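2 protein chains.
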Amino acid sequence: MTLSDLFEPDGIAVVGASATPGKLGNDAMSNVEAYDGEIYPVNPSSSGTVYGYEFVDSVAETDADLALLCVPRHLQPGVLEECGEAGVGAAVSFAGGFAEMGGEGRELQERIAEIADEYDITILGPNTAGYAIPGDDLYGSFVPRIREVESGNVGIVAQSAGVAITLSFHLTREGYGTSAMFGLGNRVNTEFADVIPVLDEDPDTEAIVLHVEGTEDVDRFLEVCQEAETPIVAYKVGEGADADFARAHTAAPLQADATYEEAFDRPGLVTVSSTTELLDAGRALADAPTPDGPNVGVVTAQAGPGIIINDSLQDAGAVFPKLTEETRERVDDLLEGITYAENPVDTGRPMPEFGQVVDAVGRDENVDIVLVYEIYEDSLGYPVAELEALAADVDKPILFTVAGPHEALRDEREQMEALGIPTFDTPERGAQAVAALVESISGSEGE
Amino acid sequence: MTLSDLFEPDGIAVVGASATPGKLGNDAMSNVEAYDGEIYPVNPSSSGTVYGYEFVDSVAETDADLALLCVPRHLQPGVLEECGEAGVGAAVSFAGGFAEMGGEGRELQERIAEIADEYDITILGPNTAGYAIPGDDLYGSFVPRIREVESGNVGIVAQSAGVAITLSFHLTREGYGTSAMFGLGNRVNTEFADVIPVLDEDPDTEAIVLHVEGTEDVDRFLEVCQEAETPIVAYKVGEGADADFARAHTAAPLQADATYEEAFDRPGLVTVSSTTELLDAGRALADAPTPDGPNVGVVTAQAGPGIIINDSLQDAGAVFPKLTEETRERVDDLLEGITYAENPVDTGRPMPEFGQVVDAVGRDENVDIVLVYEIYEDSLGYPVAELEALAADVDKPILFTVAGPHEALRDEREQMEALGIPTFDTPERGAQAVAALVESISGSEGE
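Protein chains in written order, with my numbering: chain S, 1 to 447; chain E, 448 to 894.
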């Protein structure tokens with residue numbers, strides 16, 4: 001079993017396609033038609049066209065690699081057999097009412113697993129909203145407007161498709177995107193351990209973020225994470241949730257968060273505790289170089305947010321090294337002795353020399369990671385030119401925390417992102433992203 | 448000493464006003480000229496006009512209640528004496544280099560304190576970016592574009608003006624605003640304990656949020672917080688920060704966070720641990736009714752985010768009560784037995800009946816607080832009509848957590864806000880806002 005028919009299907013059949021707006025089979029058609037390849041709406045009760053594609057009666061009449069199953073759960077075993085006979089290699093099963101319901105639902109899921117095994121079909125789901133690879137215009141999902149999700153370099157693999165969708169829209173809303181988004185659902189035969197290695201090989205994916213409730217094969221999951229060369233961030237949830245409610249979701253076993261957190265205590269692997277942190281850590285790991293150590297140099301134009309950053313990072317394993325004599329002299333010259341020239345360096349307020357101060361700290365040999373905070377002022381702007389020169393010369397993560405009227409600073413924020421300088425819009429988010437970078441190089445590899 | 452000349456000045460003198468763009472005295476003029484009252488640019492070295500106002504040589508020539516001191520620190524004692532002689536009742540001192548520098552700076556601050564005492568002048572600062580009361584078009588600050596900060600019902604009192612500005616722009620960026628924003632700086636004679644009672648009396652302020660590093664008079668601070676009738680949320684920072692750095696900021700004493708957190712363990716007072724939580728808690732307390740108890744009913748259209756919410760609230764003192772038999776029957780009828788009809792209620796996906804499910808849970812007598820999560824779909828929209836009917840009938844907090852393409856859901860989000868239903872855009876932010884409501888009614892009042 002491979003995932004290639006999910007990632008690069010030569011033709012796509014939408015089984016249960018519908019010409020009626022608002023129906024699941026119509027939403028799925030409207031999303032999948034973005035793809036540059038053959039699209040086959042399959043529905044024996046329909047004729048004519050939908051989105052310009054002619055209805056066919058059966059999967060047998062198609063040349064599809066991938067089938068999106070938009071039919072009720074009871075019809076799925078039959079449809080899946082047809083898919084198998086027709087040579088379909090992958091299917092997305094949207095319907096719920098399988099293992100998460102127990103009883104009859106569990107039997108139905110077992111039947112599907114058998115058919116998938118017999119025909120060697122990779123199944124995403126059941127009980128999922130699907131997946132999306134925006135860079136390939138491939139949206140195997142019924143979620144309206146999923147095509148608005150932008151392409152980016154963070155891959156998302158979520159146990160809950162609802163969380164996958166939420167994360168994807170969150171990234172897009174903030175101006176970023178995803179290389180691939182997978183909602184696993186009930187994981188009948190497509191698990192974290194199947195998707196992660198494919199994303200690890202994907203040149204468009206520079207960090208992988210995971211939403212984990214629980215998985216039957218913890219060992220294989222952890223092994224795959226540890227073998228991946230792409231940085232991975234995991235958000236493990238559910239330990240504190242109501243057990244019956246959690247089980248009724250994707251039929252996942254309840255597992256202690258610590259099982260995952262301990263296993264993640266090694267280089268390249270990071271754990272977080274919210275969706276915002278998950279995406280921020282993913283962006284930082286995707287965009288910034290790997291730091292050489294945990295030594296953080298902070299430059300702030302306002303002391304208060306600098307103290308918040310300093311405070312937030314104390315428990316994160318970050319170190320605030322002394323700056324070298326040379327750096328301190330340069331900073332003293334620039335700041336005329338008025339403000340705080342230790343680390344964090346506080347310039348007191350935005351000023352024309354701010355970029356030079358960042359440059360001085362960024363070039364300090366004691367500093368592995370640079371974190372900057374500055375409220376935007378039109379007359380000064382952000383020090384994009386200085387940051388560009390610095391980023392070209394030093395191979396260190398530089399993170400920039402912004403504040404101010406967002407319309408005004410949007411352009412310069414985008415310019416910094418283009419330089420590989422991740423930006424964040426609260427002091428804590430910047431600090432947490434730095435904490436993720438520090439965590440990504442810690443751990444006890446080889447023990 | 449009163450703060451009335453800060454809140455309602457009859458005339459404003461900008462001492463050190465400048466016609467040169469980019470100068471502090473020009474920025475302050477450009478902000479203050481929004482105010483509907485007499486404005487006096489004061490500068491003996493300038494003539495002509497700035498922003499249409501004629502320069503005068505001295506504060507003595509003005510009829511100002513309030514002076515914005517845009518002059519270097521060494522000139523401030525002299526200017527302040529002139530202000531006192533001219534009958535000015537309040538002054539904002541922007542310059543740094545006072546007590547936070549120690550030595551000569553501390554002496555200068557003591558001199559200012561004496562003059563203020565002699566002439567009964569309320570001083571905001573020194574070492575502050577000022578304050579703003581957007582509802583009155585009053586911007587006593589040099590921060591560019593501060594006039595873009597919107598009017599709202601959350602009052603901000605921050606020890607660091609940098610944090611005050613950051614919080615104000617943050618609220619505005621997310622579509623909200625502030626009733627008043629104060630950056631205290633060095634607090635020469637205007638402390639938390641002076642500002643909080645005024646905001647408590649202010650009909651436009653429905654919650655007060657505080658950023659606290661440390662204050663000399665902890666007892667008075669805590670007493671004022673406990674006496675206030677307006678809900679208060681405090682973000683205490685600095686315990687983990689570098690001591691020298693923190694002291695170099697607003698000359699604040701370093702204090703244990705626990706001192707504040709323990710004192711805040713009573714009704715109406717809430718502590719948080721980030722700027723985002725601070726503002727979210729402030730919005731929830733300002734907009735939603737006070738809950739009768741800690742019993743949370745969750746309705747989610749997607750199980751995964753529901754589990755995150757459920758998990759996040761377990762440590763927050765929230766209770767997830769059983770729904771009444773009547774509610775369960777109504778929910779069962781609406782959901783046709785397919786999804787999870789306990790609490791959290793999970794509808795599986797957005798559906799036309801979603802608003803009715805929320806209504807059923809909201810009217811349940813076992814439920815004190817309602818938290819909803821739903822990914823937006825155009826064809827269904829958000830259940831604004833049902834929420835309006837529910838909010839009109841039950842006096843409980845209803846919070847709505849949104850997800851999806853933000854352009855699409857903006858209008859309905861604003862409609863919900865107008866109904867007194869605070870909205871949040873990640874599951875954790877919704878959960879933390881509920882946690883703040885639960886914390887606001889806990890504590891051990893009267894002990």
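For glycine and all other residues, C-beta sits at the position ideal for the given N, C-alpha and C.
Since the model is a prediction, treat every value here as computed from it, not as a measurement.
With a threshold of 8 Å between beta-carbons, can residue i be considered close to chain E, or not?
i: S/Gln314; result: yes
i: S/Asn310; result: yes
i: S/Val237; result: yes
i: S/Ser274; result: yes
i: S/His74; result: no
i: S/Arg413; result: no
i: S/Thr178; result: no
i: S/Asp244; result: yes
i: S/Gln109; result: no
i: S/Phe55; result: no
i: S/Gly348; result: yes
Assuming residue i contacts residue j (C-beta within less than 8 Å), just tell me the rounded distance between them.
i: S/Ala403; j: S/Asp425; result: 7 Å
i: S/Asp368; j: S/Thr300; result: Not quite, the Cβ-Cβ distance comes to about 18 Å (not below 8 Å), so this is no contact.
i: S/Pro305; j: E/Gly609; result: 5 Å
i: S/Gly183; j: S/Ile165; result: 7 Å
i: S/Ala436; j: S/Leu285; result: 6 Å
i: E/Tyr820; j: E/Gly867; result: So it is not a contact: roughly 19 Å between Cβ atoms.
Would you check if the distance between the CB atom of residue i and the CB atom of residue j is smaller than 8 Å?
i: S/Tyr40; j: S/Tyr53; result: yes
i: S/Asn310; j: S/Pro352; result: no
i: E/Val536; j: E/Gly544; result: Sequence inspection shows Gly at residue 536 of chain E; the Val mentioned does not correspond to that position. No, they are not a contact pair.
i: S/Thr62; j: S/Ala132; result: no
i: E/Ala605; j: E/Phe589; result: no
i: E/Val684; j: E/Glu886; result: no
Using a 10 Å radius around the Cβ and a threshold of 16 neighbouring Cβ atoms, would you call residue i buried or exposed?
i: S/His74; result: exposed
i: E/Thr449; result: exposed
i: S/Thr20; result: exposed
i: E/Thr848; result: buried
i: S/Asp117; result: exposed
i: E/Gly632; result: buried
i: S/Pro72; result: exposed
i: S/Gly355; result: buried
i: E/Thr662; result: buried
i: S/Glu448; result: In the structure as shown, chain S starts at 1 and stops at 447, and residue 448 of chain S therefore has no counterpart that could be examined.
i: S/Gly297; result: buried
Which same chain residues end up closer than 8 Å to residue i when comparing Cβ atoms and leaving out the 5 residues on each side of it in sequence?
i: E/Ser891; result: The predicted model places E/Ser891 with a pLDDT of 45, which falls under 50 and marks its position as unreliable, so this point remains unresolved.
i: E/Ile412; result: In the structure as shown, chain E begins at 448 and stops at 894. Residue 412 of chain E is therefore absent and cannot be evaluated.
i: E/Ser721; result: Tyr682
i: E/Pro852; result: Tyr823
i: S/Glu229; result: Asp200, Gly268
i: E/Val804; result: Val746, Val778, Leu781, Leu782, Val792, Thr794
i: S/Arg111; result: Pro77
Beta-carbon within less than 7 Å of residue i's beta-carbon, same chain only, minus the 5 sequence neighbours each way: which residues are those?
i: S/Gly446; result: Its pLDDT being 36, under 50, S/Gly446 is placed unreliably by the model, and the measurement read from it follows with that caveat. Answer for S/Gly446: no residue qualifies.
i: E/Val841; result: Gly809, Arg810
i: S/Asp332; result: Ala341
i: S/Glu277; result: Gln432
At least one CB of chain S closer than 8 Å to the CB of residue i: is that the case?
i: E/Glu660; result: yes
i: E/Glu894; result: Confidence in E/Glu894 is poor, its pLDDT being 33 and thus under 50, which makes the residue's placement too unreliable to answer from.
i: E/Ala750; result: yes
i: E/Thr467; result: no
i: E/Arg610; result: Sequence inspection shows Val at residue 610 of chain E; the Arg mentioned does not correspond to that position. Yes, E/Val610 counts as interfacial toward chain S.
i: E/Thr873; result: yes
i: E/Asp825; result: yes
i: E/Gln673; result: no
i: E/Pro791; result: yes
In chain order, what residues of the same chain lie with their CB nearer than 6 Å to the CB of residue i, ignoring the 5 residues before and after it?
i: S/Pro321; result: Asn295, Asn366
i: S/Asp57; result: Pro44
i: E/Tyr566; result: Gly531
i: E/Leu585; result: Tyr482
Could you check whether the Cβ of residue i sits closer than 7 Å to any heavy atom belonging to the ligand FMN?
i: E/Ala878; result: This structure lacks the ligand FMN; in fact it carries no ligand of any kind.
Can you name the residues of chain A whose CB is closer than 8 Å to the CB of residue i?
i: E/Glu455; result: Among the protein chains in the structure shown, which are S and E, there is no chain A.
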